[in-house]
Amino acid sequence: MIKTGYLKEHFMKSVLTHLMKIGIFTSLGWTQLTSVQSESGLEILFGGEIETEFVDVEGPGGFTNQDLTYNKVKNRSPHMRIDKAVLSTRINYSENLYYKFELRFGDKRANVDKHYARWELPSFRTLLELGKNKPMIATKRQTEGYPLIGTAFWKGREYHITSKTQYKFGENIEADLGLSFAMKRPLGTDDAAEDKSFKMMVYNDYEDRDGQTFEYGGSLGLKVFGVSADGWYYTGKLIDDYDWKYNLGFLPGYDNIAESKDEWEEDDKTHWWYGGRVGVDRKNIHIRAEYINALDGLLPRNGFYVEGSYRIPLNQIKSVEPLIRFGNLNIERHEETMGDPQTWDREMITLAFLIRLNDYLTVKTEYYFLNEITGGSKTTDNDGNIIDNTYVKDNQFLLQLKFEF
């Protein structure tokens with residue numbers, strides 16, 4: 019378990035140390051939202067954001083530490099990068115219909131990140147969405163780092179058709195019903211935080227795969243006097259053969275899970291996940307808790323997080339907001355092995371300090387306390403030195419400038 023006795027002191031010392039390392043930031047400019055009109059008379063809006071950041075990981079860096087026997091390690095040394103540069107374009111076809119797409123650029127790739135059409139039906143209090151976006155139950159996070167279960171389940175983009183219908187019961191009570199039909203996202207891997215060394219299993223961004231399957235989902239939300247509650251359920255089948263044979267079948271010890279089941283099939287394509295979220299956002303207070311449970315083939319996973327923050331308005335700048343989050347992601351009935359970080363159980367504490375200088379410029383300072391159950395053991399080298407493989411020194415520091423325009 020993560021020791022929390024000196025988290026505050028550790029966090030502040032780390033922030034001061036890394037600020038001294040960096041010294042100066044990259045200077046970028048930003049502009050307000052720009053609107054133009056096409057030859058056909060359609061209104062087109064341009065916007066976007068740029069994130070430049072410094073990342074440092076407590077584990078050792080350098081060439082000699084790049085290639086461990088159990089995992090290919092990347093970016094363990096301190097580094098700066100443009101995390102993303104997004105150009106967003108929205109085309110308004112009518113008062114209730116628009117199309118939006120986002121081009122995303124990074125240090126190593128460029129792609130169309132999202133593109134979707136939204137059609138509002140006021141008489142039915144319904145919003146329809148068609149295109150590529152996060153799942154309908156995804157929520158905006160205030161920090162750069164996602165909760166562990168956010169990365170694992172609702173960060174990835176999918177092609178879908180969704181609808182959300184709102185029902186009002188008086189002035190302070192409202193409910194909504196959501197429905198989703200989507201191309202199932204393939205299983206893949208992603209970073210637990212900012213370092214790219216020890217990746218965990220996630221529902222990845224949509225890609226063309228042979229044996230493509232579909233996913234069906236529904237959600238129900240309720241908001242009463244500023245307190246919100248949401249629940250959802252998704253089901254479908256694993257992509258054949260990519261999910262169950264390639265991503266799951268090659269996990270160390272995956273076949274051993276079958277010993278705990280009375281009846282099973284080697285090519286089990288079971289896929290479902292459900293969860294719930296409650297939150298309070300009133301005045302300057304933000305509180306949220308979320309739980310997700312999932313089963314893919316023979317591999318069950320679950321996790322949760324809780325977070326809270328308080329926004330403090332200031333005279334010279336817009337606000338500062340300290341935030342704390344604790345969460346975990348567990349893989350049940352599966353022995354953790356050093357051979358594959360996808361089999362590790364994880365816990366993460368996030369301490370963040372968000373400084374909003376104005377409506378367009380934000381400075382994010384975040385520290386991630388990570389704890390992974392690796393399945394390793396203590397060994398002795400030829401010189402008699404003890405090597406502890408039971409944990410990974412993986413705490414991470416992030417300092418980011420976010421420019422919106």
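The numbering used here applies: residue 19 is where the sequence shown begins, and numbers increase by one. Just so you know, even glycine gets a beta-carbon here, dropped at the ideal spot from N, CA and C.
Less than 7 Å between C-beta atoms, sequence neighbours within five positions excluded: which residues of the same chain meet that for residue i?
i	result
F243	N190
T183	F142, R143, T144, D194, L195
Taking the Cβ atom as the reference point for each residue, do residue i and residue j lie within a distance shorter than 8 Å?
i	j	result
F268	F232	no
T368	T161	yes
W290	L316	no
R355	G271	According to the sequence shown, residue 355 is Thr rather than Arg. Yes, the Cβ-Cβ distance between T355 and G271 is below 8 Å.
L166	R300	no
R306	E325	yes
Q414	V75	yes
L205	Y221	yes
E308	Y323	yes
N348	N302	no
K336	E69	no
K118	H133	yes
Cα-Cα, which of the options is closest to residue i?
i	options	result
M218	Y185, Y177, T157, N389	N389
T66	R122, V54, E365, K182	According to the sequence provided, residue 66 is Gly. The question's Thr does not apply to it. Ranking the options by Cα distance to G66, first place goes to R122.
R175	A193, D223, L195, S395	D223
K150	I305, K214, A135	A135
D125	A170, L139, V104	V104
F171	F421, E192, G188, R203	R203
P318	T288, N302, I330	T288
Y18	F119, K396, L416	Because residue 18 is not part of the residues shown, which for the chain are 19 to 423, the question remains open.
R94	N333, R127, N311, G77	G77
M366	R127, G393, Y386	Y386
V245	F119, H304, S106	H304
K102	Y116, D248, D273, D131	D131
So, at 6 Å on beta carbons, what are the nonlocal neighbours of residue i in its own chain, with the 5 sequence-adjacent residues on each side left out?
i	result
M98	F72
M154	T180, G196, S198
A370	T161, L341, E384
K255	T231, K287, H289
R374	K336, S337, T380
If residue i sits next to residue j, beta carbons under 8 Å apart, how far is it from one beta carbon to the other, in whole angstroms?
i	j	result
Y111	L60	7 Å
Rounded to the nearest angstrom, what separates residue i and residue j at their Cα positions?
i	j	result
A211	L266	23 Å
E138	K186	17 Å
Y251	N407	38 Å
K214	N400	30 Å
N376	Y328	17 Å
K263	I257	9 Å
V296	E422	29 Å
I42	L238	Its pLDDT being 32, under 50, I42 is placed unreliably by the model, and nothing is read from it.
Y234	T398	51 Å
Between which residues of its own chain and residue i is the CB-CB distance below 8 Å, once the five residues before and five after are set aside?
i	result
N129	L121, R122
T207	K217, M218, M219, V220, N222, Q360
N346	L166, G321, F322, Y323, D363, R364, E365, M366
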